[in-house]
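Here the structure comes first, spelled out in structure tokens, and everything after it is commentary.
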Amino acid sequence: MKSAFLWGYYGYDNFGDELMFRACTELLKKSGFETIVVPLPHGRETNGIRSVSKFSPVIVEVLRRVDISVAGGGELLQDATSFRSILYYYTLSKLALMNRKKLIFLGNSLGTLRRRLSRAMVRDILGDENTYFIARDMVSYRYARLFCKNVFLGTDPSVLSLMNTKVDVQKSRKKVVFFLKQPLDLSLVVKVLKEMGFEDLCISKAFPGDCDAYPPFSREDDVLSAILSSSLVITERFHPALVAAFFGIPFVVVQNLKARRFLERYLSTSDWYSRKDQLDISLKLPKVVEMKEPAGDMMREDAVKMEETFLSIVRGR
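Per the numbering used here, the sequence shown runs over residues 77 to 393.
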């Protein structure tokens with residue numbers, strides 16, 4: 077019975093990471109892994125997956141026993157959030173490699189790496205012959221190739237999940253949904269939206285702690301439903317923009333480097349990207365509602381190739 081250790085920023089109710097978690101577990105099951113162990117906060121169980129506490133010493137034994145270790149999506153090897161974060165994921169990586177097990181970074185990004193020690197740790201992991209890095213953006217792909225011999229260009233793992241999502245919500249031509257980290261002055265943006273015919277303005281949150289109340293906006297708790305039922309998405313978060321692009325919904329990304337690095341591969345213009353300035357956001361709106369880009373088809377093609385690459389690595393071909 078094949079087993080895998082899957083790790084990422086899971087279990088914190090972050091919309092994007094939970095999409096990636098679902099996609100990675102399904103891909104592992106499809107690849108023949110009957111046992112999947114995941115480090116989660118407080119060792120809680122989720123979706124029938126075996127879990128261990130994130131800092132349990134049991135992880136050392138788990139990594140010795142499993143057949144493969146997978147870093148499932150996201151920007152795990154970075155120190156912008158905190159040095160403790162990259163130290164944790166570096167430790168998991170080293171433990172996996174010390175046991176001579178394949179370590180696959182599935183649809184990952186690299187950076188930001190502010191500290192010299194962080195860059196040294198990343199080079200150390202990438203330089204191991206058992207490390208396989210499937211990048212989700214071109215910047216990470218080019219950087220990884222400097223140190224790793226097993227590098228492939230993929231996409232974000234959440235695309236695998238979106239490919240199997242049935243759209244059964246009613247779309248409103250007059251609805252726009254916002255994803256804000258913190259409250260912003262949007263008076264000019266709201267005025268322009270009203271002039272463009274948008275009447276239903278709502279707010280949702282893709283990350284715990286984000287702004288979830290902005291009177292007089294209505295509030296929606298189901299992130300995916302809020303996006304799919306809208307005709308425009310304005311977001312400071314990455315994955316709401318990815319979902320919108322995949323399903324052909326106009327969107328504006330407000331100052332998010334992760335989103336820019338990923339989406340510029342699939343879009344021919346940068347009209348969808350704005351500074352954190354309501355005048356700049358307002359100027360983008362008439363442009364994005366006219367955008368017609370086949371981003372979803374391109375993401376789907378890349379996701380299929382990434383899945384094939386993953387299966388080839390797992391099967392040793």
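For each residue, glycine too, the CB sits at the ideal point set by N, CA and C.
Start and end residues, beta strand (DSSP E) containing residue i
i      : result
Phe327 : Phe327 to Val330
Ala433 : A query on residue 433 cannot be resolved here, the shown segment of the chain reaching from 77 to 393 and no further.
Leu277 : Asp276 to Ile279
Val268 : Element bounds for Val268: not the beta strand (DSSP E) but the alpha helix (DSSP H), Ser263 to Glu271.
Lys251 : Lys251 to Phe255
Residue i burial status per 10 Å Cβ neighbour count (16 or more: buried)
i      : result
Leu398 : Any property of residue 398 remains undetermined from this structure, which presents the chain solely from 77 to 393.
Pro259 : exposed
Pro316 : buried
Asp89  : exposed
Asp261 : exposed
Thr231 : buried
Asp244 : exposed
Thr101 : buried
Val198 : buried
Met96  : buried
Val134 : exposed
Ala196 : exposed
Gly84  : buried
Asn226 : buried
Arg98  : buried
Asn106 : Reading off the sequence, residue 106 comes out as Lys, not Asn. That one is exposed.
Arg351 : exposed
Met382 : buried
Glu94  : buried
Phe159 : exposed
Asn332 : buried
Thr311 : buried
Phe131 : exposed
Gly87  : buried
Asp378 : buried
Arg313 : buried
Segment limits, alpha helix (DSSP H) that includes residue i
i      : result
Leu95  : Phe91 to Lys106
Leu304 : Val299 to Leu304
Leu236 : Ser234 to Leu238
Val227 : Val227 -> not in any alpha helix (DSSP H); beta strand (DSSP E) instead, spanning Val227 to Leu229.
Val215 : Met214 to Arg221
Residues bridged to residue i (per DSSP)
i      : result
Asp204 : Note: Asp204 sits in no beta bridge, so no partner.
Arg295 : Ile279
Cys287 : Leu256
Ile210 : Leu182 and Phe228
- Indicate whether the contact test is met: 3 or more Cβ pairs, each with one atom in the region 385–392 and one in the region 365–375, closer than 8 Å. Cβ pair count under 8 Å is below three, so no.
- Quick one: which unbroken beta strand (DSSP E) runs of 3-plus residues sit fully inside the region 307–386? Chain order, please. Listed in chain order, the complete beta strand (DSSP E) runs (minimum 3 residues) inside the region 307–386 are 308–311 and 327–330.
- On the three-pair Cβ rule with 8 Å, is the region 264–280 touching the region 341–359? They touch, by the three-pair rule.
- Query: Where are the beta strand (DSSP E) runs, 3 residues long or more, that stay fully inside the region 110–185, in chain order?
  - Reply: Taken in chain order, the complete beta strand (DSSP E) segments of 3 residues or longer contained in the region 110–185 are 126–129 and 144–153.
- Message: Taking contact to mean 3 or more Cβ pairs, one atom from each stretch, closer than 8 Å, check whether the region 173–188 and the region 146–156 are in contact.
- Response: Yes, the region 173–188 is in contact with the region 146–156.
- Message: Tell me whether the region 104–118 and the region 236–249 touch, counting them as touching only if at least three CB pairs, one residue from each stretch, are closer than 8 Å.
- Response: The count of Cβ pairs closer than 8 Å, one atom from the region 104–118 and one from the region 236–249, stays below three, leaving the stretches out of contact.
- Should the region 323–339 be called in touch with the region 204–218, which here means at least 3 C-beta pairs below 8 Å? Inter-segment contact for the region 323–339 and the region 204–218 is present: three or more beta-carbon pairs are separated by less than 8 Å.
- Given 8 Å as the limit, is there contact between the region 292–309 and the region 200–209, that is, 3 or more CB pairs closer than that? Between the region 292–309 and the region 200–209, the count of Cβ pairs shorter than 8 Å is below three; the stretches do not touch.
- Message: Under 8 Å: do the region 125–145 and the region 170–177 share three or more Cβ pairs, one atom per stretch?
- Response: The region 125–145, when compared against the region 170–177, does touch it at the 8 Å Cβ threshold.
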